[in-house]
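Asker:
Residue numbers (my numbering): 83 to 279.
(1) Only counting the same chain, and skipping five residues up and downstream in sequence, which positions put a Cβ closer than 6 Å to that of residue 191?
(2) Going along the chain, which residues of its own chain have a beta-carbon closer than 7 Å to the beta-carbon of residue 275, five neighbours each way excluded?
(3) Quick check on DSSP: helix, strand or coil for residue 196?
(4) I'd like to know whether the C-beta atoms of residue 169 and residue 138 end up nearer to each other than 9 Å.
(5) Taking only runs of the beta strand (DSSP E) that begin and end inside the segment 214-242, which ones reach a length of at least 3 residues, in chain order?
(6) Taking its Cβ as the centre, do 16 or more other Cβ atoms sit within 10 Å of residue 142, making it buried, or is it exposed?
(7) Does the Cβ of residue 208 have 16 or more other Cβ atoms within 10 Å, making it buried, or fewer, making it exposed?
(8) Nearest CA to the CA of residue 223: which residue from 155, 127 and 244?
(9) Note the first and the last residue of the continuous alpha helix (DSSP H) segment covering residue 267.
(10) State whether the segment 234-253 contacts the segment 265-273, with contact taken as three or more CB pairs (one from each stretch) at a distance under 8 Å.
(11) Just curious, the alpha helix (DSSP H) that residue 155 is in, first and last residue?
(12) Our contact map puts residue 256 next to residue 195 with C-beta atoms below 8 Å; I'd like the distance itself, whole angstroms only.
(13) Using the Cα positions of residue 136 and residue 258, report the straight-line distance between them to the nearest angstrom.
(14) In terms of alpha-carbon separation, which member of 134, 260, 204 and 242 lies closest to residue 163?
(15) Using alpha carbons as the reference points, say which of 206, 237 and 216 lies closest to residue 261.
(16) Determine the DSSP secondary structure at residue 108, reduced to helix, strand or coil.
(17) Buried or exposed for residue 125, going by 16 or more other Cβ atoms inside 10 Å?
(18) Alpha carbon to alpha carbon, what distance is there between residue 183 and residue 160?
(19) Could you tell me if residue 273 is buried or exposed, where buried requires 16 or more neighbouring beta carbons within 10 angstroms of its beta carbon?
(20) Taking the beta carbon of residue 165 as the centre, do at least 16 other beta carbons fall within 10 Å, making it buried, or is it exposed?
(21) Output the boundary residues of the alpha helix (DSSP H) element that contains residue 145.
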């Protein structure tokens with residue numbers, strides 16, 4: 083009769099040790115990134131409103147100092163309000179992306195890597211970037227129409243535009259969404275094979 087030999091799960095122990103070391107390295111990188119990330123996240127709404135508030139409400143000359151605006155046009159408050167609200171869309175989506183990125187860094191800082199919460203924050207960050215690109219393009223397209231609404235010749239047509247910065251943000255957003263799909267698939271595979279390792 084042949085007996086069965088039971089070996090200790092040395093491979094599993096080694097895998098756990100390697101995973102723990104990698105998680106600590108990721109946690110260390112997340113900690114280092116927190117301070118510059120917070121600086122950029124705080125400056126984003128400040129810089130956005132530093133331009134938007136004066137153009138919309140505080141300085142009439144800034145509104146008129148534009149190739150689309152007639153110098154003698156009288157701009158109604160409602161038109162300024164619409165312009166402000168339209169450009170609040172990129173601001174809001176950008177803040178959403180920064181919030182998701184900050185929450186992601188906090189999870190990584192705690193050593194949480196292969197977790198559904200990380201995948202969720204990656205997805206939210208990717209969607210925030212994609213929505214921010216879309217909102218910025220929409221706001222830029224309707225801005226000439228809104229700014230020239232009270233011109234004697236009438237408002238201008240929609241003007242769609244595109245920059246390499248927006249293209250880069252769009253690629254980053256789509257990349258985060260792809261990483262989310264990969265991580266969710268790897269998490270599912272890990273759960274299914276957990277009992278076989």
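For glycine and all other residues, C-beta sits at the position ideal for the given N, C-alpha and C. Here the structure is a predicted model, which means the values were calculated and not measured.
Answerer: By the coordinates alone:
(1) 109, 112 and 113
(2) none
(3) coil
(4) yes
(5) none
(6) exposed
(7) buried
(8) 244
(9) 246-275
(10) no
(11) Neither: residue 155 is in no alpha helix (DSSP H) and is coded neither H nor E.
(12) Between residue 195 and residue 256 the Cβ distance is about 22 Å, and since that is not below 8 Å, they are no contact.
(13) 35 Å
(14) 134
(15) 206
(16) helix
(17) exposed
(18) 35 Å
(19) exposed
(20) buried
(21) 142-146
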